[in-house]
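2 protein chains.
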Amino acid sequence: MKLKSKSNIVFAVVAADAVCFRIINEKLHVLLEKAPKYSPFPGEWALVGGMLHPRETAEEAVNRLLEERAGIKSIYKEQVYTFSKIDRDPRGRVVSIAYLVVASSNPQELKKADLETEWMTVKSIPKLAYDHNEILKNVLEKLKFNIFNTNIAKYLMRKEFTLSELQNVYETVLGKNIDKRNFRKKILSQDILKDLHKVRKEGVMRPAKIYIFK
Amino acid sequence: MKLKSKSNIVFAVVAADAVCFRIINEKLHVLLEKAPKYSPFPGEWALVGGMLHPRETAEEAVNRLLEERAGIKSIYKEQVYTFSKIDRDPRGRVVSIAYLVVASSNPQELKKADLETEWMTVKSIPKLAYDHNEILKNVLEKLKFNIFNTNIAKYLMRKEFTLSELQNVYETVLGKNIDKRNFRKKILSQDILKDLHKVRKEGVMRPAKIYIFK
DNA sequence: GCAAAAGTGTTTCCGGTACACCCATGG
DNA sequence: CCATGGGTGTACCGGAAACACTTTTGC
Chain A
94 MKLKSKSNIV FAVVAADAVC FRIINEKLHV LLEKAPKYSP FPGEWALVGG
144 MLHPRETAEE AVNRLLEERA GIKSIYKEQV YTFSKIDRDP RGRVVSIAYL
194 VVASSNPQEL KKADLETEWM TVKSIPKLAY DHNEILKNVL EKLKFNIFNT
244 NIAKYLMRKE FTLSELQNVY ETVLGKNIDK RNFRKKILSQ DILKDLHKVR
294 KEGVMRPAKI YIFK
Chain B
94 MKLKSKSNIV FAVVAADAVC FRIINEKLHV LLEKAPKYSP FPGEWALVGG
144 MLHPRETAEE AVNRLLEERA GIKSIYKEQV YTFSKIDRDP RGRVVSIAYL
194 VVASSNPQEL KKADLETEWM TVKSIPKLAY DHNEILKNVL EKLKFNIFNT
244 NIAKYLMRKE FTLSELQNVY ETVLGKNIDK RNFRKKILSQ DILKDLHKVR
294 KEGVMRPAKI YIFK
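Put into structure tokens, the structure is as follows:
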């Protein structure tokens, strides 16, 4: 590699961190892992992240890391921001590209992995290693923006869902309640859903219509 | 530095590239430099960019590079996107953080530098070295978004300006014409300008009122 | 009086928001 | 008949866009 400078300086190196979301019980969860013993923050919770391999892009690194650490396949991925503060990693100069990721909500696609990983609700995130709380905050803002400005909701939902379930997901992402009539009017007017003309009966209430994303 | 892997692999390193804008004659210009002889693209036009020093953030690197190469002080700076394709630099694995920068429009603050640099209108950008055309495209999109959604126009204008001049800047940034009445209504309703109650006489037409940003 | 840019209002449409009641079902 | 969530409509407001003529000046 010809990038070493003459003055013996080593350049900053590149990592990727994944803020990986998933809806569990209609609540927004984030994937965290316990930082290993030999790391600067042994035992503390951290986002899933690591160095880019020499022959992979940042996106590929995110895919690999999630697969390695928690057996997760991402179904949506989007670069959010790159963090380059000098001392963000005590071991050396590491610049980190942060990604917003949505994991499949299909339970079969989640296997138990070697490392300790856990899905935590966004309301209960502890203090994280490195600058990961700041990264999480940035990515969460992006998710809130995206939920009403892109089709990301498609990746947070199961294939078939009711409008109430969809609204619950919006509410857990935004962290606030939405008026039911306005929500339905807005979603339906966007012409992104398909009415399957099926209903889901659940307990003692009126059955709900089933939709899918187009 | 403890970041070298055991398997003798060298990690990707970090550069920053600046897409530096300036209004000249009410047209949007971008700062380019000729890539040096010893580079992979000798003599080709490129964005101003370079490796991060070990003790500087990406923003600081952008400041330094613009100062070194063209004597430019940036008055607005914003990270846009990080490019990590594997072969984007033929010399090795370089990941580049792209910045949207606005240079001072004050002519005195621009000195002639060693390297060949040139301000080119966005309409006349040639084929650039590396993936810099792609970077420019991304950053330009961001600028178009920002012009109506942030106060970036403040940094593109001289201190004192007329509404017609402001509108011209919006038009050169967006690459399209804007209705004069709608433009004035919108800008004035935002309460971001201050009427200096002065006029600028210029040639044979009605004098225009002078504004500044609040 | 004319050329050249400055300045000015009204109407229409659309998306966002506030707000309250009836419907279908199982027990 | 009742408890539970499913489902519906209207009115108001503010921002965006379309659109044409009068004003001020120097010559």
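Chains as they are written, first to last, in our numbering: chain A, 94 to 307; chain B, 94 to 307.
All C-beta atoms, glycine included, are put in the ideal place defined by N, C-alpha and C.
Subject >> P129/B at chain A interface by Cβ criterion, 9 Å >> reply: One-based indexing of the second sequence puts residue 129/B at position 36. The beta carbon of P129/B sits no closer than 9 Å to any beta carbon of chain A.
Original post:
Which residues mark the beginning and the end of the beta strand (DSSP E) in which K127/A is found?
Top reply: Residue 127/A sits at position 34 when you count from the first residue of the first sequence. Looking at the DSSP string, the run of the beta strand (DSSP E) that includes K127/A is K120 to K127.
Original post:
Helix, strand or coil for I168/A per DSSP?
Top reply: Mapped onto the first sequence, residue 168/A falls at position 75. Strand at I168/A.
Original post:
On the three-state DSSP scale, how would you describe A154/B?
Top reply: To locate residue 154/B, count along the second sequence from 1; it is residue 61. Helix, per DSSP.
**OP:** For the alpha helix (DSSP H) holding I280/A, just list the boundary residues, first then last.
**Re:** As a working mapping, residue 280/A is identified with position 187 in the first sequence. First-last of the alpha helix (DSSP H) with I280/A: K273 to S282.
Subject >> Neighbourhood of A154/A by C-beta distance below 6 Å, restricted to the same chain and skipping five residues each side >> reply: On the first sequence, residue 154/A is found 61 positions in, with the first residue counted as 1. Excluding positions up to five away in sequence, the list reads A109 and L145.
Original post:
Can you name the start and end residues of the alpha helix (DSSP H) that S257/B belongs to?
Top reply: Reading the second sequence from its first residue, position 164 is the one you call residue 257/B. Counting along the chain, the alpha helix (DSSP H) containing S257/B begins and ends at L256 to L267.
Original post:
With DSSP run on the structure shown, which of helix, strand or coil describes L140/A?
Top reply: Taking the first residue of the first sequence as position 1, residue 140/A is located at position 47. DSSP places L140/A in coil when its eight states are reduced to three.
Original post:
Among residues of its own chain, excluding the 5 on either side of P183/B, which ones have a beta-carbon nearer than 7 Å to its beta-carbon?
Top reply: Working through the second sequence from its first residue, we reach residue 183/B at position 90. Non-local C-beta neighbours of P183/B in its own chain, meaning closer than 7 Å and more than five positions away in sequence, comprise P133, ordered along the chain.
Original post:
Which of the three DSSP states, helix, strand or coil, is assigned to S217/B?
Top reply: Position 124 of the second sequence holds residue 217/B. DSSP places S217/B in helix when its eight states are reduced to three.
Subject >> Spatial neighbours of I240/B in its chain, beta-carbon cut-off 7 Å, leaving aside the 5 residues before and after >> reply: On the second sequence, position 147 is the one that residue 240/B refers to. A distance below 7 Å between beta-carbons, with the five flanking residues on each side excluded, links I240/B to the following residues of its chain, in chain order: A246, Y263, V266 and L267.
Original post:
What are the boundary residues of the alpha helix (DSSP H) that V103/B is part of?
Top reply: By one-based count along the second sequence, residue 103/B stands at place 10. First-last for V103/B: undefined, no H or E at that position.
Original post:
Taking Cβ-Cβ distances shorter than 8 Å, what residues in chain A pair up with I240/B?
Top reply: Taking the first residue of the second sequence as 1, we reach residue 240/B at position 147. Those within 8 Å of I240/B in chain A number zero; the least Cβ separation is about 18 Å.
Original post:
Which residues of chain A have a Cβ atom closer than 9 Å to the Cβ of R115/B, listed in chain order?
Top reply: For this step, residue 115/B is matched to residue 22 along the second sequence. Here the premise fails: no neighbours, minimum Cβ distance about 25 Å.
Subject >> Nearest residue (CA-CA) to N226/B, options V103/B, A105/B and L125/B >> reply: Residue 226/B sits at position 133 when you count from the first residue of the second sequence. Closest option to N226/B, Cα to Cα, is L125/B.
**OP:** Taking only the alpha-carbon atoms, compute the straight-line gap between I285/B and N242/B and give it to the nearest angstrom.
**Re:** Mapped onto the second sequence, residue 285/B falls at position 192. Mapped onto the second sequence, residue 242/B falls at position 149. Roughly 13 Å between the two C-alpha positions.
**OP:** Assign K252/A to one of three DSSP states: helix, strand, or coil.
**Re:** Here residue 252/A corresponds to residue number 159 of the first sequence, with the count starting at 1. In the structure shown, K252/A sits in coil (DSSP, three-state: anything other than H, G, I, E or B).
**OP:** For L236/A, count neighbouring Cβ atoms within 10 angstroms of its own Cβ and tell me buried if that reaches 16, exposed if not.
**Re:** Sequence index remark: in the first sequence, residue 236/A carries index 143 (1-based). The residue in question, L236/A, is buried, as its Cβ has 16 or more Cβ neighbours within 10 Å.
Subject >> For L229/B, the first and last residue of its enclosing alpha helix (DSSP H) >> reply: Taking the second sequence and counting its residues from 1, the one referred to as residue 229/B is at position 136. H225 to N242 is the extent of the alpha helix (DSSP H) around L229/B.
Subject >> chain B contact for S167/A (CB, 9 Å cutoff) >> reply: Here residue 167/A is taken as the residue at index 74 of the first sequence, counted from 1. Not a single C-beta of chain B is nearer than 9 Å to the C-beta of S167/A.
Original post:
Which chain B residues are close to L145/A, counting only those with a beta carbon under 9 Å from its beta carbon?
Top reply: Here the question's residue 145/A lines up with position 52 in the first sequence. Residues of chain B passing the Cβ test: F104, A105, S177, R186 and V188.
Subject >> Within chain B, partners of T150/A - CB distance below 7 Å >> reply: For the purposes of this step, residue 150/A is taken as the residue at position 57 of the first sequence. In chain order: S177, K178 and I179.
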